[in-house]
Amino acid sequence: MPGGWRAYLQKRVLVIFFLGASSGLPFPLVYSTLSAWLEEAGVERATISTFAWLGFAYSLKFVWAPIVDSRAVPFLSRWLGRRRGWMLLSQLAIGAALWFLAGLDPAREIQAFALLALAVAFASATQDIVIDAYRIESAEDRLQGVLAAAYQYGYRLSLLVSMAGALYLAEFSDWHTTYRIMAGCMALGVITTFLCREPAANQRFGLADDQPLGARMAFWFNHAVAEPFRDFYRRFGKALFLVLLFVSFYRVSDYVLGILANPFYLDLGYSKSMVATIAKVYGAWITLLGVGLGGWAVMRLGVARCLVVATTLIASTNLFFAANALIGAEPWMLAVTISADNLAQGFGGTVLIAYLSSLTNRDFTATQYALLSSFMVLLPKFLAGFSGDVQMAIGWLGFFLYACAMGIPAIVLSVYMARIHGRLVGDPSG
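Shown next, in the form of structure tokens:
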């Protein structure tokens, strides 16, 4: 395997980079970017915040992952192979749903608009399932770190396109044109799917096809769902409840605020181009800085000691939004707010990934990590759906204080979880 930066020039690594870009593009288009469109269209903020529930498609993707993992797509899989068949189907579905979404007026056709946005989210989550499987199967273990990094680079760059790029386009054209262009960008994923090879390792999980469907479903449920949970309970005992509670509250403060961030910027008087430049482009680099600081802190201090710092930063930096609401649409204040918030997000995200990884059993790594990550987002996304109602009732200043307070349970739990972490993972040093 080529060493250093040359490893990233291998064809299979470049393929994962472009697939990562295809995976990252749709998410903001049904989350933060979509909320900006809805705000400008005059949709009530209570309605805007309910679109956060579209994220449940990503949270619950483990439910239909076994279908993607074990079943072929008629015609497409015979032509391209099972992985690439699912890949192409999901990419075409994303592009088509975005194209039709672009033709709607959310102020007049909100129900059809919501259904198409849900279709984008579902197809995008399906694409994530198959790309993750393709990445793991396309190379040996020693190259997985490089592939994961390539995927993240592609993913984050495409987030810039569908967040900052979309805001720039909407500033100088309109939202309908912007979403049509975003739909066209999915061609990158389609082209990559045609150019890449079907992975050789493509085994199926479960009993053979000649077994009754009920037996196969029971086998899958026992080995893929029940056993990982039983393993959790055997290792953690009653502390499992606290682990799941802590993971559930970890990002509540972030998600409750995040769905209304773009509506806040626009309502305060910032232009879309300024939001794109400061909150998205500049903010992306600050997030990467936070990611690096989080990794350094985990290596130097251990994940347990970082939990309290991370949860405190995530909650307290929401106070900068409160200050921004008082000061008004000052570019320097937006830069300060984004610096604090994105640094905390990057730091906290890295610590959380390290924490969840430390809890998994190597015999069930993928399943247990998927289940933990589902708990990580289910409660935050559910509560985020009510953010608009809260903001309309108490105003922007009160809302940001509320978002900060929503982080207190995570801070309190982090103190205890840090103390017992070493015992849970069998490492006295934590």
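Start counting the sequence shown at 164; every next residue gets the next number (this note's numbering). Quick reminder that beta carbons are idealized off the backbone N, C-alpha and C, glycines included. Computed from a predicted model, the values in this text were never measured in an experiment.
First and last residue of the uninterrupted alpha helix (DSSP H) at residue i
i, result
"Thr523", "Note, Thr523: premise wrong, no alpha helix (DSSP H); not H, not E."
"Tyr418", "Val415 to Gly421"
"Leu182", "Lys174 to Gly187"
"Glu594", "One cannot answer for residue 594 here, as it falls past the ends of the chain, which runs 164 to 593."
"Ile211", "Arg208 to Thr213"
"Phe594", "As shown, the chain starts at 164 and ends at 593. That puts residue 594 outside it, with no answer to give."
"Ala333", "Ala329 to Phe335"
"Ala363", "Looking at the DSSP string, Ala363 is not in any alpha helix (DSSP H), and its letter there is neither H nor E."
Residue i and residue j closer than 8 Å at C-beta
i, j, result
"Tyr418", "Leu546", "yes"
"Cys567", "Ala478", "yes"
"Gly183", "Tyr331", "no"
"Leu470", "Ser577", "yes"
"Ala538", "Leu420", "The sequence shown places Phe at residue 538, not Ala. Taking 8 Å as the Cβ cut-off, Phe538 and Leu420 do not qualify as a contacting pair."
"Ser212", "Leu429", "no"
"Val588", "Ala517", "no"
"Ile501", "Ile574", "no"
Rounded C-alpha distance that separates residue i from residue j
i, j, result
"Arg343", "Leu403", "46 Å"
"Val293", "Glu493", "44 Å"
"Phe190", "Leu323", "11 Å"
"Met326", "Gly377", "44 Å"
"Asp291", "Val283", "12 Å"
"His584", "Leu267", "50 Å"
"Ser411", "Tyr318", "24 Å"
"Gly432", "Leu320", "27 Å"
"Val514", "Val499", "23 Å"
"Arg367", "Met569", "Note on Arg367: pLDDT 47, under 50, position unreliable in the model; the coordinate value appears next. Computed Cα separation, rounded: 43 Å."
"Ala346", "Ile230", "26 Å"
"Ile257", "Phe563", "34 Å"
"Ala581", "Ile490", "37 Å"
"Trp242", "Trp249", "11 Å"
"Thr474", "Thr523", "21 Å"
"Thr196", "Cys348", "15 Å"
Neighbourhood of residue i by C-beta distance below 7 Å, restricted to the same chain and skipping five residues each side
i, result
"Asn505", "Gly446, Ile449, Thr450 and Gly453"
"Ser186", "Gln290, Asp291, Ile294 and Tyr318"
"Ala313", "Tyr171, Val176, Ile179, Phe180 and Gly183"
Close beta carbons around residue i, own chain, < 8 Å, minus the five adjacent residues each side
i, result
"Asn365", "Any answer about Asn365 is weak, because its pLDDT of 48 lies below 50 and its placement is not dependable; what the coordinates show is given next. Same-chain partners within the cutoff: Gly244, Arg245, Arg246 and Glu300."
"Pro269", "Trp200, Leu201, Ala204, Val206 and Phe276"
"Lys435", "Ala199, Leu330, Tyr331, Ala333, Glu334 and Leu429"
Cut-off 6 Å between Cβ atoms - residues of its own chain near residue i, not counting five sequence neighbours on either side
i, result
"Asp304", "With a pLDDT of 47 at Asp304, under the threshold of 50, the predicted position of this residue should be treated as unreliable, and no value is reported."
"Pro572", "Phe412"
"Gly166", "Caution applies to Gly166, whose pLDDT of 49 falls short of 50 and renders its modelled position unreliable; the value that the coordinates give is listed next. The answer is none, since no qualifying residue turns up."
"Ala235", "Arg245"
"Ala507", "Leu476, Ile477 and Thr480"
"Phe644", "Any answer about residue 644 is impossible in this case: the structure gives the chain only from 164 up to 593."
"Leu497", "Ile441"
Any C-beta of chain D under 8 Å from that of residue i
i, result
"Phe483", "Among the protein chains of the structure shown there is no chain D, as only one such chain exists."
task = Mind listing, in chain order, the continuous alpha helix (DSSP H) runs of no fewer than 4 residues lying wholly within the stretch 227 to 262?
result = 228 to 233 and 239 to 243
task = For the stretch 455 to 523, list the alpha helix (DSSP H) runs that are entirely contained and at least 4 residues long, ordered along the chain.
result = 466 to 479, 481 to 490 and 494 to 522
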